[in-house]
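J.:
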Amino acid sequence: MTEPVVENKKHRRKLIFLLLSGAAGIILLVIGGYQLMEFTDSTDFCGRLCHQVMYPEYTVYQESPHSRVNCVECHVGYGGGYFVRSKISGIPQVWAVLTNSYERPITTPVKNLRPARETCEQCHRPERFAGDLVISHTTYAPDNANTERVDTRIMRVGGGEAEAARDIHWHIAASVWYLPLDAARQDIGWVGVEDSSGGLAEYFSPDKSSEITPERIEKERRLMDCVDCHNRATHVYRSPEELVDTALAQGKIDKTLPYIKWQGVTALDPVNPSLELAISKIEAIREFYRNNYPDVLAAQGASIDRAIEELKNIARLTTFPEMKVTWETYIDNIGHQKGPGCFRCHGKLEARQAGAEKEAIDADCSLCHYLALQ
């Protein structure tokens, strides 16, 4: 009778051990899985693991106004639905990296990106009236004195609740629909603006009437949101001239150095085929001063060294040959300096209603900036 009891105790101990081991394994698996999922949502995973693919995006992201916002907060947002969708849509991207078949450069806009009303507006509130915003832009001429010029514009940002909204941010306070005729959303063929009574004021591109049908409008139209203008809100590729101007304005490059604006921009524009070549051109600036301004080199050698180091940093923000990315690769829809921007609709699309004259959407400059001080 004793042996079966002892044997049962042994079996019981083994069973308890197996159950505890299994439970511990499951707990560790859950913790490990959670940590893995958390890592895949991190900025390091997005920017560094796929180093070559995302290197340009990650580099300029670190210098952007959103550098402290994690990638997933904009690209995925909150909630389980888009979390699952992001993991599924990421499978082809992982395969493209593993097989070295990804696009160079990465095409934009990103397909199936979560609506900005569910991401951007978690922090930014367009219904909060912003009023007017004074913006000063300092530039420098490529001459001996790096002549400074300050351009100040008062931007009519506006905003507010739908019924009372005005100025630039009216576009997202109201219900504005549009039909893009191309993948880049630069060629807009139709705009529809809903009013409070449910009516729809429609505007068409007179040159594209054959491409615009009610069926296509119903199927392909998009509700305008933040990223239709702020399409480079974070991954901003600025030109060497812009970056050198900023460095001069901030004192990172000494503006008393003769021709430093000209020398800096010339070293970086047009784009260099490699970062190493860009840096060698920047190093040659020291020789420029040695040959042409020896007194400046003797008196301001430290300033020249600091300027060279800052220009090397600018080179890292503008030279991405592996991904075929330059400051001209992606169109920025803010304003109309680097692409059609506002003029995708303004001054182009015409009202087409029964009994109404064909009147284009207003393109008056004062709609957005009503005063410029030179």
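Throughout, the numbering used here is defined as the position within the sequence shown, counted from one, plus 132.
Ideal placement from N, C-alpha and C gives every residue a C-beta, glycine not left out.
Predicted model only: the values in this text are computed from it and were never measured.
1) Given a cut-off of 8 Å, decide if Gly324 and Leu332 are closer than it, judged by their beta-carbon atoms.
2) Kindly list the residues whose CB is nearer than 7 Å to the CB of Asp494, restricted to its own chain and excluding five residues on each side of it in sequence; keep chain order.
3) Can you list, in chain order, the residues of its chain with a C-beta nearer than 6 Å to that of Leu375? Leave out the 5 residues immediately preceding and following it.
4) Should Pro197 go down as buried or exposed, given a rule of 16 or more other Cβ atoms within 10 Å for buried?
5) Rounded to whole angstroms, what's the CA-CA distance from Tyr166 to Gly291? Just pull it up for me.
6) Keeping to the same chain, check which residues put their C-beta closer than 7 Å to that of Tyr210; ignore five residues upstream and five downstream.
7) State the Cα-Cα distance for the pair Ala228 and Ala273, rounded to the nearest angstrom.
8) Hey, out of Leu443, Arg364, Arg418, whose CA is closest to Asp377's CA?
9) For Ile436 versus Leu503, is the C-beta spacing smaller than 8 Å?
10) State the DSSP-derived secondary structure class of Pro402, mapped to helix, strand or coil.
11) Skipping 5 residues on each side, what residues in its chain have a beta carbon closer than 6 Å to that of Val457?
12) Are the CB atoms of Asn404 and Lys413 within a distance shorter than 8 Å?
13) Within the same chain, show all residues whose beta-carbon is closer than 6 Å to that of Glu293, passing over the 5 residues directly before and after it, in chain order.
14) What first and last residue would you give for the beta strand (DSSP E) that runs through Asp283?
15) Taking the Cβ atom as the reference point for each residue, do Val264 and Ile300 lie within a distance shorter than 8 Å?
16) Between Ser371 and Ala155, what straight-line distance do the alpha-carbon atoms span, to the nearest angstrom?
17) In whole angstroms, give me the CA-to-CA distance for Ile163 and Thr175.
18) Would you call the stretch 239 to 251 and the stretch 192 to 207 touching, i.e. three or more CB-CB distances under 8 Å?
19) Spatial neighbours of Ala483 within its chain, please: CB distance less than 6 Å, with the 5 preceding and 5 following residues excluded, ordered by chain position.
20) For Gly473, which residues of its own chain have a beta-carbon under 7 Å away from its beta-carbon, when the five flanking residues on both sides are left out?
21) Note down, in chain order, each residue of its chain lying with its Cβ closer than 7 Å to the Cβ of Ala306, except the 5 sequence neighbours on either side.
22) Consider the C-beta atom of Leu313 and the heavy atoms of the ligand FMN; say whether any pair is separated by less than 7 Å.
23) Near Ala399, which residues of its chain fall below 6 Å by C-beta distance, leaving aside the five closest residues on each side in sequence?
24) Is it buried or exposed, Ala434, if we count other Cβ atoms within 10 angstroms and call 16 or more buried?
25) Judging by CA-CA distance, which residue of Ile159, Ala410, Trp322, Ala277 is the nearest neighbour of Met356?
26) Hey, how far is the Cα of Val289 from the Cα of Ile220?
27) Note down, one range per segment and in chain order, each beta strand (DSSP E) of at least 3 residues found wholly within the stretch 241 to 322.
28) Would you say Thr284 and Val266 are within 8 Å of each other, going by their C-beta atoms?
T.: So, from the data block:
1) yes
2) His478
3) Ile446
4) exposed
5) 40 Å
6) none
7) In this structure, the CA atom of Ala228 is about 44 Å from the CA atom of Ala273.
8) Leu443
9) no
10) In this structure, Pro402 counts as coil in the three-state DSSP scheme.
11) Pro188, Pro237
12) yes
13) Glu259
14) First-last of the beta strand (DSSP E) with Asp283: 280 to 288.
15) Correcting the residue identity first, residue 264 is Asp in this sequence and not Val. For Asp264 and Ile300, no; Cβs fall outside 8 Å.
16) 57 Å
17) 20 Å
18) Touching, yes, given that three or more Cβ pairs across the two stretches are closer than 8 Å.
19) Tyr335, Glu491
20) Asn465, Ile466, Gly467
21) Ala294, Ala297, Val325
22) Among the components modelled here there is no ligand, and therefore nothing to report on the ligand FMN.
23) These residues qualify, in order along the chain: Lys413, Ile414.
24) exposed
25) Trp322
26) Cα to Cα, the separation comes out at about 38 Å.
27) With a minimum length of 3 residues, the continuous beta strand (DSSP E) runs that stay inside the stretch 241 to 322 are 264 to 272, 280 to 288, 308 to 312.
28) yes
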